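Q:
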Amino acid sequence: MNDERRGVYPFCAPCTASSIAWRPPDEAGATGIGSRFYGHRDVCEDCGSSIRTLYSTYLWIPVAKIGRFRIIPTGGRGYIGRKVVDRPVQTVVRQDAVSAHPELDGDPAYQQAEAYWRDSEPGRALPFYQSALTDREKRLPADDPATLRVRLRVAQGLLATANYGRAIAWFELMTPQLVEVFGPNHELTRAATEAVTGARLMVGGPRSEAKLLANIVAVDEQDLDRYDAQLLRDRAALGRALMACGEIADAIEALTQVVDDSMQALGASHPDAVVYRTALVDACHVTGTRGRKRDVQAAEAARRLLNDASAPRGT
Ligand SMILES: [Zn+2]
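Counted from 1, the sequence shown has number 50 at position 56 by the numbering used here; the numbering is strictly sequential.
1. How do the segment 234 to 243 and the segment 254 to 269 stand: do at least 3 beta-carbon pairs fall below 8 Å, yes or no?
2. Going by alpha carbons, who is nearest to S29 out of S12, I60, S125, T155?
3. Between A140 and R130, is the Cβ-Cβ spacing less than 8 Å?
4. May I ask you to report which of helix, strand or coil DSSP gives G33?
5. Which residues bound the alpha helix (DSSP H) around Y110?
6. Hey, quick one: how far does the beta strand (DSSP E) through V78 stretch, first residue to last?
7. Where V83 and P178 are concerned, what is the direct C-alpha to C-alpha distance, given to the nearest angstrom?
8. Let me know the secondary structure DSSP gives F63 once reduced to three states.
9. What distance in whole Å lies between the Cβ atoms of R145 and W164, which are believed to be in contact at a cut-off of 8 Å?
10. Start and end of the beta strand (DSSP E) containing A15?
11. Less than 7 Å between the CB of P8 and some heavy atom of ligand 1, yes or no?
12. Whose CA, out of L218, A231, E97, lies closest to the CA of L274?
13. Looking at C-alpha atoms only, which residue of A107, D113, P135 is the closest neighbour of A126?
14. Which residues in the same chain have their Cβ closer than 8 Å to the Cβ of G117, if we skip the five residues on either side of it in sequence?
15. Since T272 contacts P135 with CB under 8 Å, what's their CB separation in whole angstroms?
16. CA-CA distance, R201 and R234?
17. Ligand 1 and F5: does the residue's C-beta get closer than 7 Å to at least one heavy atom of that ligand?
18. Sorted by chain position, which residues of the same chain lie with C-beta nearer than 8 Å to L182's C-beta, five sequence neighbours on each side aside?
19. Does the Cβ of Y52 have 16 or more other Cβ atoms within 10 Å, making it buried, or fewer, making it exposed?
20. Just to confirm, does S43 get its C-beta within under 7 Å of one of the non-hydrogen atoms of ligand 1?
21. For ligand 3, I want to know if D138 counts as a neighbour, meaning its beta carbon is within less than 7 Å of at least one of the ligand's heavy atoms.
22. DSSP three-state call for S44: helix, strand or coil?
23. Leaving out five residues before and five after L98 in sequence, what residues of the same chain have Cβ atoms less than 8 Å from its Cβ?
24. Go ahead and label R227 buried or exposed: buried means 16 or more other beta carbons lie within 10 angstroms of its beta carbon, across all protein chains shown.
25. If distances are taken between C-alpha atoms only, which option among I242, A208, P265 comes closest to A223?
26. So what's Y221 in DSSP terms, helix, strand or just coil?
27. Which class does A293 belong to by DSSP, given the choice of helix, strand or coil?
28. Going along the chain, which unbroken runs of the beta strand (DSSP E) with 3 or more residues stay wholly within the segment 199 to 286?
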């Protein structure tokens, strides 16, 4: 998992490279509403996967094409799948600022972290990457390519040491930044997508994820200031997990607090504050104007905060 060029088990490297991590939908149950694979082509001699087309079904009849997937059967009706992506778009990668700060790559903590990482010791690399990251974030923007590379290593180190909740929180925060800076098909963006999917498979569903993150936030709240970056990040992940559980009002309230606190702690234009605001805007879209009274009220309060945030501020 620390070599982005190797295939993601059980897929071989070329099949991994032409696809992205994907979690299968639930099987069509008694309702007849679901999805089903059709076709069977491009069988890979190396890993045995084949490309199948997924359709959504209604009363077991295919009604709409969802997409093409590389599938490896795992016995019975089980399978592991990856979504096939068409030829990656070349994106221009923003120049990183490390050239202007050569001391960052020469920093002993960073060098030690890299050495452990090369030796496949992500757990031992983790504290050194965390220290190097603190150093970078003091001098570089949070979404500088040089910062993002270390952020990714910190999250991967947390994942490797089974800190799934905190790892998910990091991946949630940095993935939009990786997409923005490196593009959606860059190996770092793909490594983050793979890793967060792996973390979610380990945690096992939105309910367990929300419970895990609620516990993490409770610990954070005891130890940290309400404006601490870690608390903001973990609380934002909790908000998203609650959203995935359909706990809309709780989700919006958690995200509203993150947006309010992050704007005060970091400033409205900070790249992390921008990610949190986007998450809140997305959550508000889900409620629309109908829905449960508490959900609508939470969304109205969130929209007031978002409007204040976009309005020019008097002094
Ligand atoms: Zn293959």
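By construction, the Cβ of each residue, glycine as well, lies at the ideal position given by its N, Cα and C atoms. Computed from a predicted model, the values in this text were never measured in an experiment.
A: In this structure, then:
1. no
2. I60
3. yes
4. strand
5. 102 to 112
6. Counted as a single uninterrupted DSSP element, the beta strand (DSSP E) harbouring V78 occupies residues 73 to 78.
7. Below a pLDDT of 50, predicted positions are generally treated as unreliable, and V83, at 48, falls in that range; the measurement from the model is reported next regardless. Cα-Cα distance, rounded: 8 Å.
8. strand
9. Yes, they are in contact, since the Cβ atoms of W164 and R145 sit about 7 Å apart, within 8 Å.
10. 13 to 15
11. yes
12. A231
13. When only C-alpha atoms are compared, the closest one is A107.
14. A distance below 8 Å between beta-carbons, with the five flanking residues on each side excluded, links G117 to the following residues of its chain, in chain order: G151, A154, T155.
15. Their Cβ separation, rounded to whole angstroms, is 17 Å, which puts T272 and P135 out of contact at 8 Å.
16. The alpha-carbon atoms of R201 and R234 are separated by roughly 11 Å.
17. yes
18. E(-2), L142, R143, L146, L172, F176
19. Y52 comes out exposed.
20. True, at least one ligand heavy atom lies under 7 Å from that Cβ.
21. Among the ligands modelled here, namely ligand 1, ligand 3 does not occur.
22. It is a strand residue.
23. V92, Y104, A126, D129, R130, R133, L134, A140
24. buried
25. P265
26. coil
27. helix
28. none
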